[in-house]
Amino acid sequence: VHEGGLAALRRAGGRVAGDSGVLATADLVVDGVLGIGGRGGLREAAAEAAAAAAGGGAAVVSVDVPSGVDADTGRVDGVAVRADVTVTFGTGKPGLLVAPGAGYAGVVEVVDIGLGPYLPTADVAALDAHDVAALLPTPRPESDKYRRGVVGVAAGSTAYTGAAVLAVGGAVRGGAGMVRYVGDPRPAGLVRARWPEAVITEGIAEGIMEGAPERAGQVQAWVVGPGLGTDAAAESVVRGVLASDVPVLVDADGLTVLARHRDWLAPRTAPTLLTPHAGEFGRLQGLERAAVEADRLTQARLAARELGVTMLLKGSTMVVAAPDGRVRVNPTGTAALATAGSGDVLSGLCGALLAQGLEALDAAAVGAFLHGLAGRLAPFPASASDLWEAWRAAVALVRNSPGD
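For the record, in the sequence shown the residue sitting at position 213 is 1615 according to our numbering, with numbers rising by one throughout.
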């Protein structure tokens, strides 16, 4: 132990226990075994103490970071303390925001200790409501449907018709001035019935989608992949969209196709946003899912740099990494979003924000923030289509949030 600290404890009336058994009857446990420089799992004695604390009824408060959680990445190797509250000093730590570490942190409280003037610009950030409100596009008096942004959506198939309806709905509710849908006749009919404002181009089923972006009309951004399938016709669509000179978001089946043709990314000069879950990310990068989940922050950052894309890694905490190393971590995630089709809605929302002129990092971070907030506001249990309605409430909430 630190001798000065031990002496101070004893002067204050504290005592040293011979073993960790006392933790089973404690009312409050303060965890300060490891600080922000700790790496790797807890050693045996500390691991036993963490287990004893977890087995008792005490509230657990961690100092700066739960012992065993990597403060920089959120990685957890072996045993770590599970805190009810983490009191961290000076500034937030990435490991408290990113899974799996975020799951050990509980409620995070940041205590200002006067470091503000000396802190460098953070390369990992979490937006708050004021940041999101400032980034949200707002129509101007001179705006028309084209100036507000036109987003193309290439999604859905005969087997997966719902993906088209969900992705187009996300794009419509995301504020784009116009949505152009490209897809099979069957999902196209459902899109037309649910979203009459969408402009429809049919033809994937007939295999005539070479040059789809040009035939669909001018757009400011594309969304490609949800429910598209992975056959030759789908490959033609993904390749055609990636050959365009506008921002492109690739999701779901589009990512499976892209995993076979990563070279299609190299010629691109416009921004590319990929939105995989851990399994899709693993296929894209040749990794096991467990390896992705263990270190989401590092893996997202490496892949973004390697592929020259912005990476939105979906999961219990969404991580958005730009190719220049900047990272945003979404603070509004909720298990309510763990429902089929939720990701299709997110793709449409982020695509609409791209079409309205947000850079890929901002479009992904704003989309993830509002998507998570909509999941919290939607009635429980929420379905993916409930997010369309809750999106408006989420936008209103951030626009009307009180100042600091």
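Note that beta-carbon positions come from the ideal geometry of N, C-alpha and C, so glycine has one too.
Beta-bridge partners of residue i, as assigned by DSSP
| i | result |
| --- | --- |
| residue 1583 | 1555 and 1602 |
| residue 1676 | 1652 and 1713 |
| residue 1624 | 1554 and 1650 |
| residue 1433 | 1464 |
| residue 1723 | 1713 and 1729 |
| residue 1527 | 1730 |
Length of the line joining the Cα atoms of residue i and residue j
| i | j | result |
| --- | --- | --- |
| residue 1636 | residue 1438 | 47 Å |
| residue 1688 | residue 1428 | 47 Å |
| residue 1803 | residue 1771 | 14 Å |
| residue 1761 | residue 1712 | 10 Å |
| residue 1609 | residue 1639 | Note that residue 1609 scores 48 on pLDDT, short of 50, meaning its location in the model is unreliable and no value can be drawn from it. |
| residue 1759 | residue 1551 | 7 Å |
| residue 1540 | residue 1669 | 32 Å |
| residue 1536 | residue 1797 | 12 Å |
| residue 1673 | residue 1792 | 28 Å |
| residue 1436 | residue 1604 | 59 Å |
| residue 1515 | residue 1490 | 10 Å |
| residue 1426 | residue 1418 | 15 Å |
| residue 1431 | residue 1561 | 54 Å |
| residue 1571 | residue 1465 | 44 Å |
| residue 1717 | residue 1699 | 12 Å |
| residue 1730 | residue 1701 | 14 Å |
| residue 1600 | residue 1513 | 49 Å |
| residue 1593 | residue 1785 | 18 Å |
Whole-number beta carbon distance between residue j and residue i, since they are thought to touch under 8 Å
| i | j | result |
| --- | --- | --- |
| residue 1661 | residue 1685 | 5 Å |
| residue 1468 | residue 1485 | 5 Å |
| residue 1754 | residue 1576 | 3 Å |
| residue 1553 | residue 1578 | 4 Å |
| residue 1632 | residue 1659 | 6 Å |
DSSP three-state assignment for residue i, whether helix, strand or coil
| i | result |
| --- | --- |
| residue 1491 | strand |
| residue 1792 | helix |
| residue 1694 | helix |
| residue 1471 | strand |
| residue 1478 | strand |
| residue 1670 | coil |
| residue 1782 | coil |
| residue 1800 | helix |
| residue 1787 | coil |
| residue 1761 | coil |
| residue 1766 | helix |
| residue 1422 | helix |
| residue 1663 | coil |
| residue 1500 | coil |
| residue 1700 | helix |
| residue 1618 | helix |
| residue 1416 | coil |
| residue 1772 | helix |
Segment limits, beta strand (DSSP E) that includes residue i
| i | result |
| --- | --- |
| residue 1512 | 1509 to 1513 |
Residue range of the alpha helix (DSSP H) that includes residue i
| i | result |
| --- | --- |
| residue 1638 | 1634 to 1644 |
| residue 1748 | 1744 to 1757 |
| residue 1533 | 1531 to 1537 |
| residue 1563 | 1563 to 1575 |
| residue 1630 | First-last for residue 1630: undefined, no H or E at that position. |
| residue 1411 | 1405 to 1413 |
| residue 1455 | 1446 to 1457 |
Chain D contact for residue i (CB, 8 Å cutoff)
| i | result |
| --- | --- |
| residue 1769 | Absence of chain D from the displayed structure is noted, only one protein chain being present. |
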